[in-house]
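Beneath this line is the structure, given in structure tokens, with notes to follow.
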Amino acid sequence: MRFGVLGPTEVRTAAGEAVAVGGPRVRALLTLLLLDAGQVVPTARLVDGLYGDNPPAGAANALQSQVSRLRQALPGVELEHSPTGYRLRVEPDDVDLHRFDRLVARGRAALADGDLATAADLLAAALRLWRGPALDSLPAPGALARRWEELRLTATEDRMEAALGLGEHQELVAELRELVAANPLRERLAAQLIRALHAAGRRAEALAVFAETRTVLAEELGTDPSAELAAVHLAVLRAEPAPTGRSTPLPAQLTSFVGRDDELERLAGRLAASRLVTLTGPGGTGKTRLAVEAVRSAGSPVCYIELAPLSDPAEVAPAVLGALGLRDAPQRTGEPPADPTDRLLTALRDRELLLVLDNCEHLIDAAAELAERLLAGCPGIRLLTTSREPLNIPGETVSPVPTLAVPPADVPFDTALRYPAVRLFLDRAAAARADLVLGPADLEPVLRICQALDGLPLAVELAAARVRSLSVADIAARLGDRFALLSRGTRTAQARHRTLRAVVEWSWELLAPAEQALAGALTVFAGGATLTAVQEVCAAFVDDVPDALAGLIEKSLLELGTGDRYRMLETVHAYCAERLTESGRAGLARRAHAEYFLALAERAGPHLRTGAQLGWLDRLDAEVDNLHSALHWATRSAPELALRLVSALTPYWWMRGKRYEGALLSARLAHAVGPVPPEGLEEEHAVCVLCAHSGLAETADLAEHLAVVQAGSPSWPPPRQPFLLMLWGMVAGPPPATGPPEHWPGIPDLLTAEPWSRGLSAFGTGLSALYQGKLVEAEDHLRHAVERFREVGERWGLSQAVAHLGQLTSWRGEHAEGIGLLSEGVRLSEELGAVESTADLLCERGKCLVLAGDVEAAAADFDRAAELATETGEPNTLASALAGLSTVAYRRGDLAGARERCLRALDVCRQSDTFTLAEMRVELLVQLGRITLAEGDAATAAGLLRQALDAAVARENARTAADALEALAAAAAPSDASRAAHLLGAAAGVRGTTVAGDPDVAATREAAVGQIGLAAYEVAFRAGRELTITGVELPALGA
-5 MRFGVLGPTE
5 VRTAAGEAVA
15 VGGPRVRALL
25 TLLLLDAGQV
35 VPTARLVDGL
45 YGDNPPAGAA
55 NALQSQVSRL
65 RQALPGVELE
75 HSPTGYRLRV
85 EPDDVDLHRF
95 DRLVARGRAA
105 LADGDLATAA
115 DLLAAALRLW
125 RGPALDSLPA
135 PGALARRWEE
145 LRLTATEDRM
155 EAALGLGEHQ
165 ELVAELRELV
175 AANPLRERLA
185 AQLIRALHAA
195 GRRAEALAVF
205 AETRTVLAEE
215 LGTDPSAELA
225 AVHLAVLRAE
235 PAPTGRSTPL
245 PAQLTSFVGR
255 DDELERLAGR
265 LAASRLVTLT
275 GPGGTGKTRL
285 AVEAVRSAGS
295 PVCYIELAPL
305 SDPAEVAPAV
315 LGALGLRDAP
325 QRTGEPPADP
335 TDRLLTALRD
345 RELLLVLDNC
355 EHLIDAAAEL
365 AERLLAGCPG
375 IRLLTTSREP
385 LNIPGETVSP
395 VPTLAVPPAD
405 VPFDTALRYP
415 AVRLFLDRAA
425 AARADLVLGP
435 ADLEPVLRIC
445 QALDGLPLAV
455 ELAAARVRSL
465 SVADIAARLG
475 DRFALLSRGT
485 RTAQARHRTL
495 RAVVEWSWEL
505 LAPAEQALAG
515 ALTVFAGGAT
525 LTAVQEVCAA
535 FVDDVPDALA
545 GLIEKSLLEL
555 GTGDRYRMLE
565 TVHAYCAERL
575 TESGRAGLAR
585 RAHAEYFLAL
595 AERAGPHLRT
605 GAQLGWLDRL
615 DAEVDNLHSA
625 LHWATRSAPE
635 LALRLVSALT
645 PYWWMRGKRY
655 EGALLSARLA
665 HAVGPVPPEG
675 LEEEHAVCVL
685 CAHSGLAETA
695 DLAEHLAVVQ
705 AGSPSWPPPR
715 QPFLLMLWGM
725 VAGPPPATGP
735 PEHWPGIPDL
745 LTAEPWSRGL
755 SAFGTGLSAL
765 YQGKLVEAED
775 HLRHAVERFR
785 EVGERWGLSQ
795 AVAHLGQLTS
805 WRGEHAEGIG
815 LLSEGVRLSE
825 ELGAVESTAD
835 LLCERGKCLV
845 LAGDVEAAAA
855 DFDRAAELAT
865 ETGEPNTLAS
875 ALAGLSTVAY
885 RRGDLAGARE
895 RCLRALDVCR
905 QSDTFTLAEM
915 RVELLVQLGR
925 ITLAEGDAAT
935 AAGLLRQALD
945 AAVARENART
955 AADALEALAA
965 AAAPSDASRA
975 AHLLGAAAGV
985 RGTTVAGDPD
995 VAATREAAVG
1005 QIGLAAYEVA
1015 FRAGRELTIT
1025 GVELPALGA
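Residue 764 in the working numbering sits at position 770 of the sequence shown, and the numbers go up by one each step.
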């Protein structure tokens, strides 16, 4: 459908047939919705537009009634309701008002480019859309209608300007007379009528029009004619060709303009509000192109001056004179030369003009002085300047030009095409090679190119040009040496824009020595830096760091982004890093950087064990790139510092779910240091080795390192890092009841040093008791741990303690409480952003949900855990999630699916010999035995279960040993009910309880009781329950 509001509101079908809309209120509602076609219009605005200052009682209901009527009138058009308002789903081009706006903008751009015929056609087409007063159906059109009437009149003036330029003077006189009569205060129309009469040879009539207009202006406004009108009058008096008001030609553009719609809109608003706007940004961001495109439709005369070729500040004002076509005033003998700035002030004092001063940075003082004098002395002059730093004069509006938006790495192809950087690359690549077709298969390298170049337009264009000789994958792979790769620009471009290096070098040469020194030192930072960090790290390079920082920001080599962090574009960073290396001071800067971030990590440690945990985790998150960059450097150049940094970062990695990433970094350092710890850093070395083992699948090459840590030495100093004990349990298993290894003195003191350590001690003891089947003792210690962690407000330890307490509670049949505790653990872990821990806890909650009979909810938890584990690369959790999905399939009767997931989990477990994966392997043998038994192969099942039982007993793992015994009982039940009862009793004795809700155990018990009776069953069950995990008879039960 087509909609019209430039006149009475109307709706027509594609065939041109009128559609009846309804009464006045419905037409008014339609008009209000069409003003923002396709956008949500707030309810308050609709009510105000329909009812003004006197809305009826229940205005919302009244509005809803009109909406219903409109829907009935337009059944083929979607009218959507949202919480904030209503949206009519129509395209803007289906509405005459929006088509008018678009045509006018195109017409003005053509007029600015000197394409008069196209401008006249476009503007005439726009004006033909009007059928009467705008927004005629609104009860009170007011300012809205006046705005559109003003745009109509301005478009009419632009059309007259184009037609006059085409020589249609005689034809326009009558129309212009009507327009001047209707708008006597419109000086531009009066000037156009005078020009038309003058060009048609009707000089007397032209002078009469000027006299009439001057009189009206004096009587109505008390003002004199404008400079434009006066200039036209003077041309008539002198019998000279009348001034046309044409602009100085703008630079011709040979390529399409991509991805700056938002910037154009913002710039238009700033040019309307300020007489001086400066576009700033590093070289290659497209400041010149944006400026040129913005002034094409400025609606006023424009003069463009390119300052880049100039080298002498004294040349700036003469360059402006030359661009305006003004000759220097004749010099009389004996008189000093006329000041070109004074000459400009005289020439421009009464003119309205937009001056564009392009590339001011190398003549910044001269450009600033000229701009200030012009603004003060010429009220009709406006300036748009481009520079790598602001002019810094009163009244200046600084408008930074950002780089082009780059999509994240995982977006689909169609979505990526909406990002300007990608569109620019594809556009320029197609121009470089007409036969090249890039599609979804090329997206990954294209994204890498755009991301590596920060969306810097010039760099993206230079990279796209290389498709003539390289594939996009090759271009992406070679960006490590971007300055060599992007060294072939357009031959006609200025020298400083032909290569990427030249662009940055131009900016570097404009820096003061202190700014150059700071720019180099700043390259040791990764991911940005705070002012405090810059001052600490760079103090040896610059005396006044804040002053040098301000200089770098003003010259667009540094930007202050979100979170008050200083950041360099990667291209600028790469160039400045080269200069730092050339200076011979890179090592000094790197050490200062590493020492600063080591101090930050060590300072964070105690806070991570308190209620201030989230704030400090956020602080470390903000610096994680710096922390890891410091660790990379220290691993190569200062391994002892690196050991301290790993020890300090390990709690952060675990609490934030970065175990795998931390393990990779720790393993790299462990290899660099070797198996023998440096003297005095035994604890840090142990944390490093244990951290590597706890998160990686392949750790065989660290076996010697782990053996040294586990063997220890009485000469080692007392440990200071409480997290060490948690790591010890994860890698070597929970310590025996006698406590942690005795070879390390000071551990008891460490475990009681602070509330968090006491919580950890209780948690470790409870976990050990749970592991050994001492459930009453385990619950006491776990509840004590929960109290301690709640006391200090620490979420990570609390999440682990409530999870294990929930598991224990669920075992005894209190499933709701157990699931609630586990859900609290999941919530706490999610608050921490600990992806890996969240996945672990989802697996544990899934197990409890299976026991509670909610298989669907359990499947959802296991599925989500598997997704998270795949994202993080954490093998332990992936194996656990697959095991859980195997159990879900088993409960559903899908034995093939259960076996497939169980075998996949076993494959994951075979990747490493860490404690947790070894434990998981034993659990999976039990699961595979159950599946095999259900498939009818009792002999093979028994063999798997005996293997699992032997391994569990050897590891003193009561939980898994109990699971194996229960599965063996199921295998024995059909032929030997007494043995089945004895095995179930042994399982309960080893674990400390019979798990409530296990249908297999219930079925085994029912079968045994059915064969031998309840009394005999209970005798056999009690005999089995006397056994413990360390009982010598237990392994024989599997025989």
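The C-beta atom is built at its ideal place from N, Cα and C for all residues, glycine as well. Predicted, not measured: the structure shown is a model, and the values here were computed from it.
- Counting of Cβ neighbours within 10 angstroms places N55 among the exposed residues, the total staying below 16.
- The three-state reading of DSSP puts S501 in helix, counting H, G and I together.
- In the DSSP assignment, the residues bridged to G(-2) are E4.
- In the three-state reduction of the DSSP assignment, Y646 falls in the helix class.
- When only Cα atoms are considered, T340 and C354 end up about 23 Å apart.
- By the Cβ criterion, the stretch 774 to 786 is in contact with the stretch 753 to 764, since at least three pairs of Cβ atoms, one from each stretch, lie closer than 8 Å.
- Within the same chain, Cβ atoms closer than 7 Å to the Cβ of L769 are found at L802, G986 and T987, the five residues on either side in sequence being excluded.
- Linking P394 to H699 through their CA atoms gives a straight-line distance of about 53 Å.
- Annotation for H356: L504 place their beta carbon closer than 7 Å to its own, counting only its chain and skipping 5 residues before and after.
- For L368, the CB contacts under 6 Å within the same chain, skipping 5 residues up- and downstream, are I375 in chain order.
- For L223, the closest alpha carbon among the candidates E214, M(-5), V203 and K549 is that of V203.
- If only uninterrupted alpha helix (DSSP H) runs of at least 4 residues are considered, those enclosed by the stretch 44 to 89 are 53 to 67.
- By a beta-carbon distance limit of 8 Å, R81 contacts G32. Their separation comes to about 7 Å.
- The beta carbon of H227 sits closer than 6 Å to the beta carbons of F204 from its chain, once the five residues preceding and following it are set aside; these are given in chain order.
- For A632 against R573, the beta-carbon gap comes to about 23 Å, at or over 8 Å, which does not count as contact.
- Within the stretch 257 to 301, the complete alpha helix (DSSP H) runs of at least 4 residues fall at 281 to 290.
- Cβ neighbours of V230 within its own chain (closer than 8 Å, five residues either side excluded): I188, H192, R197, A200, L201, F204 and A236.
- A check of alpha carbon separations from P295 across G827, R63, D931 and V350 identifies V350 as the nearest.
- Contact check for A120 against V98 passes: the beta carbons are separated by less than 7 Å.
- Rounded to whole angstroms, the gap between the alpha carbons of L554 and Y560 is 5 Å.
- DSSP places S131 outside any alpha helix (DSSP H), giving it a letter other than H or E.
- About 4 Å separates the Cβ atoms of A971 and A1002, confirming a contact at the 8 Å cut-off.
- Distances from the alpha-carbon of A833 to those of G581, A873 and H665 put A873 closest.
- The Cβ-Cβ distance between V989 and W805 falls below 7 Å.
- The three-state reading of DSSP puts Y560 in strand, counting E and B together.
- For G43, the closest of A624, G136 and P178 by C-alpha to C-alpha distance is G136.
- A check of alpha carbon separations from R208 across M649, C570 and P219 identifies P219 as the nearest.
- DSSP places V350 in the uninterrupted beta strand (DSSP E) bounded by L347 to D352.
- Restricting attention to T397, A360 and A176, the CA atom closest to the CA of T379 is found in A360.
- It is roughly 9 Å from the alpha-carbon of E788 to the alpha-carbon of L608.
- C-alpha of E181 to C-alpha of L116: approximately 24 Å in a straight line.
- Secondary structure remark: continuous alpha helix (DSSP H) runs of at least 4 residues inside the stretch 808 to 862, in chain order: 809 to 826 and 829 to 845.
- Each residue's CA atom was taken as its position, placing V392 and A399 some 20 Å apart.
- DSSP places P394 in the uninterrupted beta strand (DSSP E) bounded by E390 to P394.
- In the structure shown, T379 adopts extended strand secondary structure according to DSSP, grouped into three states.
- Cα atoms of H587 and R264: separation of roughly 41 Å, rounded to the nearest angstrom.
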